[in-house]
Structures are given as structure tokens and as C-alpha cells.
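A.B. asks: Mind having a look at this structure? Questions to follow.
Dropping the structure here:
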């Protein structure tokens, strides 16, 4: 084996063991994740130096996450690497730019490790994870300060806050300064940013009055609430705002009681129905925080799905902080999206030898072909709707396709989406259902396949038959008139 190949294999093994894949290279499950990490290396330094830097940063947070020393922060590793230079990795930089270069390298490595690279990259002089942290930290600080406005307080001096003395007025109390984003560990920075499914960003864009989503949000955040009334958080739409007058607390409780049994059929809401009935394309992303997110790209709706489930054994570690519950929800969602009709009908079993699933136009066979198309798109990193692009794409052997993804797609799915089974993903599932419900057929072909509104379907079907018979009658009448002149 050439020396370069030996070095590459050694780098992969060292990286895999640092990330928690101790069975590598015997167990190659994590290889797509490792390949993805190595492809993020850019710069004049070699791959070996990049792996050494990656391993150092990973071990820095892993050691502190295991409770063996004082908790490390993002800022501490940036300062350490800036002072030491780490084997000349940050040498030959412009004077004054050294700290920014170290920060950018550290944040990109942390984002790659946590499979949230696009949220950690510096775009337009801003990192999304930092911006999200600052937005919600400031809102939390303002909300807490508002809660500390005590009417009729006679003394307004507290630890870390000062107020004025009064007999009947209110006493404004200022809270302590908001901690800087880099003063946290990696797991705390991710958690406080609210970017993960079920986080603060999902709650922020929820429809006002969706009692189920509010209830799920309450359950997710109850463990983080200290010395505050949980019921108050349930009935608050945003910090500092009360519920609309039209919705009383009794109406909210009644709504919660009705929606306890809320569920959405997987045969109704899946990747195939979203594509056919709503024109939603599947876009694979290595960012776990964007899983099941509906976005608008170039005027067309796109459903983003996480493409590296093999990384879960690493990113669910305490150092990164992705919960096992969220991991389970994401893994279960693949089968719900791509294998809703897992029971094979009789014509599929009988026609398996002649490949009937390639030509049959029943809904189950069409969903089967769409799943295969999405898998090819993930292999080639192309769009799932353009067969020509997929076939002409790069060699899939050199892609980061994760075989675990296909296995999860083929698992037996649950029959329904429910808030109990998918508490973190439910806000995104609810938005997908709303988009599917509000979409309207844009072609005759979609009208024939859309059976959400049975009245519309049968009206259109009989109308089409009547129109066809009318046209045939006109042609027969013309033929009869022409024949009478002969």
C-alpha cells in the first residue's frame, strides 16, 4: 500500500476514534460522516494537520463534558489556539487577522462536528448560531426584567440589580448582562440558539392559537424553567405579550383537550404526496437542525432532510448535546416520509418478476419510484425531480451517501404522525400539513390524483366524462350530416 494511502487511512482511524467510533475501520458505518468532515478541509495546510486540529478541538470539549475538569468554552479554545499557533497551523497570517482566522477555523470545525456547518459559518459578517443566541438571550433578559417589575415594592435592591424606593409605584429592576455566546460550551451554545427542531425558532414562527404546539413547547421547556409559573408560559404567545382577548384560558384548555388525540395520517402526509399535490421537492442537507424544514428556494418550496444519520453516535454525545429523543424522532421520520405504504398489495407480489413497480401508476408504486429517485438524488447530491440531472451527475461512488439513510427509509413506519411520537418535530410537521392542505392542483394530471377533496374529485371526474361524451356526440352529428349529402 502506498505511503499516502497509509497516511489517509491513519487519519481516518484517528478521527473516527476521537469522534466515538471505536470499532472503525472494522465497522465502516461512520465512513460517510468521516468523508464529509475531510472534505471540509481547505487551506494550505495538509490533511494530517487538519485532522490533528480537529481531534484536539473534539477532545477539548469531550474531556470537559465528561466532568473531569472545569467546563471549557468556545472562547477558551480560540484563545489557546491563538496563543500557541498549534504547530504553525495559523502561521503566515496577516497581522491583526490572526484571531479572526482562529475563530473561523474553530467555528467551522465545531459546525462540521455537530453537523450544523451552515449555521456556524461566517456569512455576511454573521454566524447564524451566534445571531440566534443573541436574539433569544436578549428576549429572555428583557422578559425576566419585565417579570421583576414589582408593584408596590418598598425596597428595590437585589443581588446584581438595583431599584428605587417607592410606596405605590413600580420598581424597575435591571438584570445582569447577557453572557457572550462564546462563553458557553458547544452543547450550551447549540441549545441556547434554539436552532434544533422543537427549539425557540420553531416556536417563534408557530401559528398563534395552535394549542397543541404550545403544549408541546411547554413540555420541552419545563425542565429549563426555574422559579417561574409554567402555566404562565403556556398562555403567553411571546415574551411580554398576553393572549388575544378572543381566546380565554378556558377556550385554550378546551382546545388542548380536543387536540390530545390529534394525528395526521402518514399516507396523507409524506414525501410523495407533498411532491405530487404541493410541488415540494426534497433537498438533502448535512445540517441536522434543518431536518423536516419547509423553505422557499427560488419561488419553489423545498423540504430539507438530514442526509447523515450515521453521525448520530457522535453528535448525541454530551459534548455536542443532540438529545437521544430527537435522534429517535429523526430516524423514525424517514420511514414515515418514504415508506407509508409498507404493505405490498397483491399485484406487486405477483408482478415482482416482471418489474411491475416500474410502470404501475397506483399510488403505492408511484411512491416507491419517488423514493428510489430521492435516493439517487442523495447519492449524486442532485435534485429529486430532475432525472436527467441525476443520471448525468457525478459518480455516486465518490459521494457522501449514507447507507444508513436507505435502511431507515425501508423500515416499517407508524400509521400516524402524532405530537406524542414527534414532540420536537411536531411544529414542522404541522406546517407541512398546513401547506399540503392549502395547496391547490395546478394541472389536470394533479386534479385526477388529488383525492383530498372528494367532492372536487368526483365533480371533476364526471364533468370530464360528460365533456368527452359531448365532444363525441358533436363529432358523430357532424359525420351524420356529412354522410347525408353523399
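In my numbering, the protein residues as written are 1 to 486.
By construction, the Cβ of each residue, glycine as well, lies at the ideal position given by its N, Cα and C atoms.
No experiment lies behind these values; they were computed from the predicted model shown.
In whole angstroms, give me the CA-to-CA distance for residue 427 and residue 294.
C.D. replies: If you number the chain shown from 1, residue 427 lands on position 427. If you number the chain shown from 1, residue 294 lands on position 294. Whole-angstrom Cα-Cα distance: 11 angstroms.
A.B. asks: What residue does the alpha helix (DSSP H) around residue 353 start on, and which one ends it?
C.D. replies: Walking along the chain shown from the start, residue 353 turns up at place 353. From DSSP, residue 353 is part of no alpha helix (DSSP H); its letter is neither H nor E.
A.B. asks: Just the Cα atoms here: how many angstroms apart are residue 290 and residue 82?
C.D. replies: Mapped onto the chain shown, residue 290 falls at position 290. Mapped onto the chain shown, residue 82 falls at position 82. In a straight line, the C-alpha of residue 290 is about 32 angstroms away from that of residue 82.
A.B. asks: Grab the span of the alpha helix (DSSP H) containing residue 507 for me, first residue to last.
C.D. replies: No answer is possible for residue 507: the residues shown for the chain start at 1 and end at 486.
A.B. asks: Could you compute how far the alpha carbon of residue 408 sits from the alpha carbon of residue 183?
C.D. replies: Residue mapping note: residue 408 aligns to position 408 of the chain shown, counting from 1. Residue mapping note: residue 183 aligns to position 183 of the chain shown, counting from 1. About 37 angstroms.
A.B. asks: Tell me whether residue 415 sits in a helix, a strand or coil according to DSSP, three-state version.
C.D. replies: Sequence index remark: in the chain shown, residue 415 carries index 415 (1-based). Three-state DSSP puts residue 415 in coil, outside helix and strand.
A.B. asks: Using the C-alpha atoms, what's the distance from residue 32 back to residue 333?
C.D. replies: In the chain shown, the residue the question calls residue 333 occupies position 333. In the chain shown, the residue the question calls residue 32 occupies position 32. Between residue 333 and residue 32, the C-alpha separation is close to 20 angstroms.
A.B. asks: Residue range of the alpha helix (DSSP H) that residue 82 falls in?
C.D. replies: The count along the chain shown starts at 1 and reaches residue 82 at position 82. Segment 74 to 84, the alpha helix (DSSP H) holding residue 82.
A.B. asks: On the criterion of 16 or more Cβ atoms from any shown chain inside 10 Å, does residue 115 qualify as buried, or is it exposed?
C.D. replies: Position 115 of the chain shown, counted from the start, is the residue given in the question as residue 115. When all chains shown are included, residue 115 counts as buried.
A.B. asks: For residue 282 versus residue 266, is the C-beta spacing smaller than 8 angstroms?
C.D. replies: Mapped onto the chain shown, residue 282 falls at position 282. Mapped onto the chain shown, residue 266 falls at position 266. Not closer than 8 angstroms, so no.
A.B. asks: Under 8 angstroms between the Cβ atoms of residue 108 and residue 40?
C.D. replies: Looking up residue 108 in the chain shown gives position 108. Looking up residue 40 in the chain shown gives position 40. Cβ distance < 8 angstroms, so residue 108 and residue 40 count as in contact.
A.B. asks: Note down, in chain order, each residue of its chain lying with its Cβ closer than 8 angstroms to the Cβ of residue 392, except the 5 sequence neighbours on either side.
C.D. replies: One-based indexing of the chain shown puts residue 392 at position 392. Only weak support is given to the placement of residue 392: the predicted model assigns it a pLDDT of 39, under 50, and the value that follows is read from those uncertain coordinates. Correct list: empty, nothing qualifies.
A.B. asks: What do you reckon, are the CB atoms on residue 366 and residue 307 nearer than 8 angstroms?
C.D. replies: Residue mapping note: residue 366 aligns to position 366 of the chain shown, counting from 1. Residue mapping note: residue 307 aligns to position 307 of the chain shown, counting from 1. Their beta carbons are not under 8 angstroms apart, which means residue 366 does not touch residue 307 by this criterion.
A.B. asks: What's the gap between the Cα of residue 262 and the Cα of residue 432?
C.D. replies: For this step, residue 262 is matched to residue 262 along the chain shown. For this step, residue 432 is matched to residue 432 along the chain shown. Computed Cα separation, rounded: 15 angstroms.
A.B. asks: Identify whether residue 339 lies in helix, strand or coil by the three-state DSSP scheme.
C.D. replies: Mapped onto the chain shown, residue 339 falls at position 339. Here residue 339 sits in coil by DSSP.
A.B. asks: Using the DSSP secondary-structure output, state which residues sit across from residue 301 in a beta bridge.
C.D. replies: Looking up residue 301 in the chain shown gives position 301. Partner(s): 296.
A.B. asks: Can you grab the Cα-Cα spacing for the pair residue 122 / residue 345, in whole Å?
C.D. replies: By one-based count along the chain shown, residue 122 stands at place 122. By one-based count along the chain shown, residue 345 stands at place 345. For residue 122 and residue 345, the distance between alpha carbons rounds to 51 angstroms.
A.B. asks: Rounded to whole angstroms, what is the Cα-Cα separation between residue 417 and residue 180?
C.D. replies: Within the chain shown, the letter at position 417 stands for residue 417. Within the chain shown, the letter at position 180 stands for residue 180. If I take the Cα positions, the gap works out to 38 angstroms.
A.B. asks: Can you check which of these residues, 339, 319, 191, is closest to residue 273 by C-alpha distance?
C.D. replies: For the purposes of this step, residue 273 is taken as the residue at position 273 of the chain shown. Nearest option by C-alpha distance: 339.
A.B. asks: Less than 8 angstroms between CB atoms is the rule here; does residue 262 satisfy it with respect to chain C?
C.D. replies: As a matter of chain content, chain C is missing from the structure shown, which is built from one protein chain.
A.B. asks: If you follow the alpha helix (DSSP H) that residue 29 is in, where does it begin and where does it stop?
C.D. replies: Position 29 of the chain shown, counted from the first residue, corresponds to residue 29. No alpha helix (DSSP H) contains residue 29, which DSSP labels as neither H nor E.
A.B. asks: Just tell me which of 142, 110, 141 has its CA closest to the CA of residue 127.
C.D. replies: Translated into the one-based positions of the chain shown, residue 127 becomes position 127. Considering only alpha carbons, the answer is 110.
A.B. asks: With H, G and I counted as helix, E and B as strand and the rest as coil, what does DSSP make of residue 265?
C.D. replies: The residue you call residue 265 lines up with position 265 of the chain shown. DSSP places residue 265 in strand when its eight states are reduced to three.
A.B. asks: Just to confirm, are residue 195 and residue 74 a CB contact at a threshold of 8 angstroms?
C.D. replies: On the chain shown, position 195 is the one that residue 195 refers to. On the chain shown, position 74 is the one that residue 74 refers to. No. Outside cutoff.
A.B. asks: Under three-state DSSP, which class holds residue 283?
C.D. replies: Position 283 of the chain shown holds residue 283. Of the three classes helix, strand and coil, the one that applies to residue 283 here is strand, per DSSP.
A.B. asks: For residue 306, which beta-bridge partners are listed by DSSP?
C.D. replies: Here residue 306 refers to the residue found at position 306 of the chain shown. Bridge partners of residue 306: 285.
A.B. asks: Tell me whether the beta-carbon of residue 424 lies closer than 8 angstroms to the beta-carbon of residue 197.
C.D. replies: For the purposes of this step, residue 424 is taken as the residue at position 424 of the chain shown. For the purposes of this step, residue 197 is taken as the residue at position 197 of the chain shown. Against a cut-off of 8 angstroms, the Cβ pair of residue 197 and residue 424 comes out as a contact.
A.B. asks: Considering only their Cβ atoms, is the gap separating residue 53 from residue 89 smaller than 8 angstroms?
C.D. replies: Counting from 1 along the chain shown, the entry for residue 89 is found at position 89. Counting from 1 along the chain shown, the entry for residue 53 is found at position 53. Yes. Within cutoff.
A.B. asks: DSSP has residue 127 in a bridge; who is on the other side?
C.D. replies: For the purposes of this step, residue 127 is identified with residue 127 of the chain shown, where counting begins at 1. Answer is 122.
A.B. asks: How many Å lie between residue 347 and residue 372 at the Cα?
C.D. replies: In the chain shown, the residue the question calls residue 347 occupies position 347. In the chain shown, the residue the question calls residue 372 occupies position 372. Looking at the two C-alpha atoms, the distance is approximately 19 angstroms.
A.B. asks: Within the same chain, show all residues whose beta-carbon is closer than 6 angstroms to that of residue 437, passing over the 5 residues directly before and after it, in chain order.
C.D. replies: On the chain shown, position 437 is the one that residue 437 refers to. Answer for residue 437: no residue qualifies.
A.B. asks: Would you call residue 296 buried or exposed, if buried means 16 or more other Cβ atoms sit within 10 Å of its Cβ?
C.D. replies: What you label residue 296 is simply residue 296 of the chain shown in a count that begins at 1. Exposed: under 16 other Cβ atoms inside 10 Å.
A.B. asks: Which residue's Cα is closest to the Cα of residue 98: 113, 413, 78, 117?
C.D. replies: Numbered from 1 along the chain shown, position 98 holds the residue referred to as residue 98. Of the candidates 113, 413, 78, 117, the one whose C-alpha sits nearest the C-alpha of residue 98 is 78.
A.B. asks: Check for me: the alpha helix (DSSP H) holding residue 105 runs from which residue to which?
C.D. replies: For this step, residue 105 is matched to residue 105 along the chain shown. Taken as a continuous stretch (DSSP letters only), the alpha helix (DSSP H) holding residue 105 covers 98 to 113.
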